[in-house]
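Beneath this line is the structure, given in structure tokens, with notes to follow.
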Amino acid sequence: QSRLGYCRQYCFNQIMMLLSSTTYHAGQRIVTKLAPRVQNIADTVISSSFHSTTATPGKVAVLGAAGGIGQPLSLLFKLSPEVSELACYDVANAPGVAADLSHIPTKAKVFGASPEDDGLATCLKGSDLVVIPAGVPRKPGMTRDDLFNINASIVKALVEGCATHCPNAIIAIISNPVNSIIPIAAEVLKQRGVYDPRKLLGVSNLDVTRARTFLAESQGWDPKDVNVPVVGGHAGITILPLFSQVSGVKLSDEELEGITVRTQFGGDEVVKAKAGTGSATLSMAYAGFLFGENVLKALKGDDNIVQCAYVESTLTEAEFFASPCKFGKNGVEEVLPLGTISAYEKSLLDKMMPELKTQIQKGIDFATSECKL
Numbered sequence: 031q032s033r034l035g036y037c038r039q040y041c042f043n044q045i046m047m048l049l050s051s052t053t054y055h056a057g058q059r060i061v062t063k064l065a066p067r068v069q070n071i072a073d074t075v076i077s078s079s080f081h082s083t084t085a086t087p088g089k090v091a092v093l094g095a096a097g098g099i100g101q102p103l104s105l106l107f108k109l110s111p112e113v114s115e116l117a118c119y120d121v122a123n124a125p126g127v128a129a130d131l132s133h134i135p136t137k138a139k140v141f142g143a144s145p146e147d148d149g150l151a152t153c154l155k156g157s158d159l160v161v162i163p164a165g166v167p168r169k170p171g172m173t174r175d176d177l178f179n180i181n182a183s184i185v186k187a188l189v190e191g192c193a194t195h196c197p198n199a200i201i202a203i204i205s206n207p208v209n210s211i212i213p214i215a216a217e218v219l220k221q222r223g224v225y226d227p228r229k230l231l232g233v234s235n236l237d238v239t240r241a242r243t244f245l246a247e248s249q250g251w252d253p254k255d256v257n258v259p260v261v262g263g264h265a266g267i268t269i270l271p272l273f274s275q276v277s278g279v280k281l282s283d284e285e286l287e288g289i290t291v292r293t294q295f296g297g298d299e300v301v302k303a304k305a306g307t308g309s310a311t312l313s314m315a316y317a318g319f320l321f322g323e324n325v326l327k328a329l330k331g332d333d334n335i336v337q338c339a340y341v342e343s344t345l346t347e348a349e350f351f352a353s354p355c356k357f358g359k360n361g362v363e364e365v366l367p368l369g370t371i372s373a374y375e376k377s378l379l380d381k382m383m384p385e386l387k388t389q390i391q392k393g394i395d396f397a398t399s400e401c402k403l
């Protein structure tokens, strides 16, 4: 506050000196007359300079913060310079997670809450970005579709909270099955009159992360230098990595099919390796964090953010589709075209479409029958 007062006075003095030096003997009369207006100008200039920084988007709410994905995801957001405030919510243990994170010396302030005492509302109010990893994890033998009946109801309730307490926030959903959950969320927001397709995102970035990693391994490249567009959906055969769009790739037909299938079913690989004790939590947290941090950067004015997301789309006959998107201050500014794809990729795109449309319709049917104001 003292710094603000000093800057106002300095600005005032400089303007007054300029007026006095340029008006000679008449300066004193003019300065006396204009002094109140000059002070108002100085106050306006300095106040806008100070307050513009405090209005910078930076509050992130993680719903499901005490879970296997939620904890490492919250940790990564706590470490990010893009985050000014981190709200952790879960049905249990979120205050403990927040207390633990609060001991880390970064600028992000941390708060944790559970359903008691209207904790969801407290966490959501003022949020710029809401990331939802809430729900049950996959277990051996389970498909993303098996998770639907449980996770659909959980996410529906959380999105209703978003519609009430932070209707302008960007909502990024990790909870599976994403292909069906996003249509449910869209219907909830539509019924509440706050649906903005630019601000509802299915996080499919783990597919991109896997495709980059697996391709780099096969080519002997550094993964940080590799970018692979992954389109379609976020489950099994609906995941389509476009390896043909990466220059310099050398793969036989057999190797291409192997790396494609591994990308599509990478989650099964982790579930099996963990022998029933969990699913892909750490890699998902990493991918979700990178996605969310990029969203924050775009909200703050970075106009170079392009990343894949599962969104409302007109690129194909599917109502929702994952593809590269350009992000800006309002979320998705543009859903980018698929570009040129190979004959092999075209065959996989055609093969996935009935399955993706079925999964989308399942979400819409659930929303129609269950989502009521």
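Using this note's numbering, read the sequence shown as starting at 31 and increasing by one per residue. Beta carbons are placed, not taken as given, at the ideal position from N, Cα and C, and that holds for glycine. For clarity, every value in this text was computed on a predicted model and none was experimentally measured.
Under DSSP, the beta strand (DSSP E) around residue i begins and ends at which residues?
i    : result
S353 : 350 to 358
V261 : 260 to 262
I201 : 200 to 203
P271 : 269 to 271
V121 : Taken as a continuous stretch (DSSP letters only), V121 belongs to no beta strand (DSSP E), as it is neither H nor E.
With DSSP as the reference, please indicate the residues paired to residue i in a beta bridge.
i    : result
E115 : K89, K139
C338 : P354
L159 : V90, I200
V291 : For V291, which the question treats as bridged, DSSP gives no partner whatsoever.
V365 : C355
Where residue i and residue j are concerned, what is the direct C-alpha to C-alpha distance, given to the nearest angstrom?
i    : j    : result
A288 : L379 : One detail in the question is off: residue 288 reads as Gly in this sequence, not Ala. For G288 and L379, the distance between alpha carbons rounds to 17 Å.
Q69  : N123 : In this prediction, Q69 has a pLDDT of 48, which is less than 50 and means its spatial position is unreliable; nothing more can be read from the coordinates.
I394 : C338 : 23 Å
E375 : G318 : 26 Å
I134 : A143 : 19 Å
S205 : N235 : 13 Å
G149 : A138 : 19 Å
V185 : S132 : 27 Å
C118 : L93  : 6 Å
D108 : E400 : Checking the sequence shown, residue 108 turns out to be Lys, not Asp. Cα to Cα, K108 sits roughly 36 Å from E400.
S353 : P163 : 21 Å
P66  : E217 : For P66, the predicted structure reports a pLDDT of 47, less than 50, and the residue's modelled location is therefore unreliable. A value from the coordinates is still provided. Cα-Cα distance, rounded: 54 Å.
V365 : V224 : 20 Å
D176 : E299 : 17 Å
L345 : M383 : 12 Å
G331 : G361 : 11 Å
V121 : V276 : 43 Å
K302 : T86  : 43 Å
G250 : F321 : 25 Å
G191 : P367 : 33 Å
T194 : L230 : 15 Å
S182 : D252 : The sequence shown places Ala at residue 182, rather than the Ser named in the question. If you take the alpha carbons of A182 and D252, they lie about 38 Å apart.
V140 : V127 : 9 Å
L404 : Y340 : Any question about residue 404 goes unanswered here, given that the chain covers just 31 to 403.
V258 : L272 : 6 Å
K220 : D226 : 8 Å
P125 : T268 : 37 Å
A129 : S104 : 12 Å
S82  : V113 : Only weak support is given to the placement of S82: the predicted model assigns it a pLDDT of 37, under 50, and the question is left unresolved by the model.
D333 : D255 : 20 Å
P197 : V325 : 17 Å
G297 : G97  : 17 Å
K89  : P111 : 12 Å
V336 : E363 : 10 Å
G369 : K392 : 29 Å
A373 : L116 : 45 Å
Is residue i near the ligand NAD, with its Cβ less than 7 Å from a heavy atom?
i    : result
A241 : The model depicted lacks the ligand NAD and carries no ligand whatsoever.
Return the first residue and the last residue of the alpha helix (DSSP H) that residue i is part of.
i    : result
A373 : 373 to 400
I180 : 178 to 195
S132 : No alpha helix (DSSP H) contains S132, which DSSP labels as neither H nor E.
K327 : 312 to 329
S104 : 100 to 109
K302 : 296 to 303
L345 : Counting along the chain, L345 falls outside any alpha helix (DSSP H), and DSSP gives it neither H nor E.
A151 : 149 to 154
Segments of 4+ residues assigned as alpha helix (DSSP H) that fall wholly inside the region 219 to 258: 235 to 249
Count the CB pairs spanning the region 206 to 223 and the region 337 to 352 that are closer than 8 Å, and state whether there are at least three. yes
Could you tell me whether the region 235 to 244 touches the region 300 to 317, where touching means 3 or more Cβ pairs closer than 8 Å? yes
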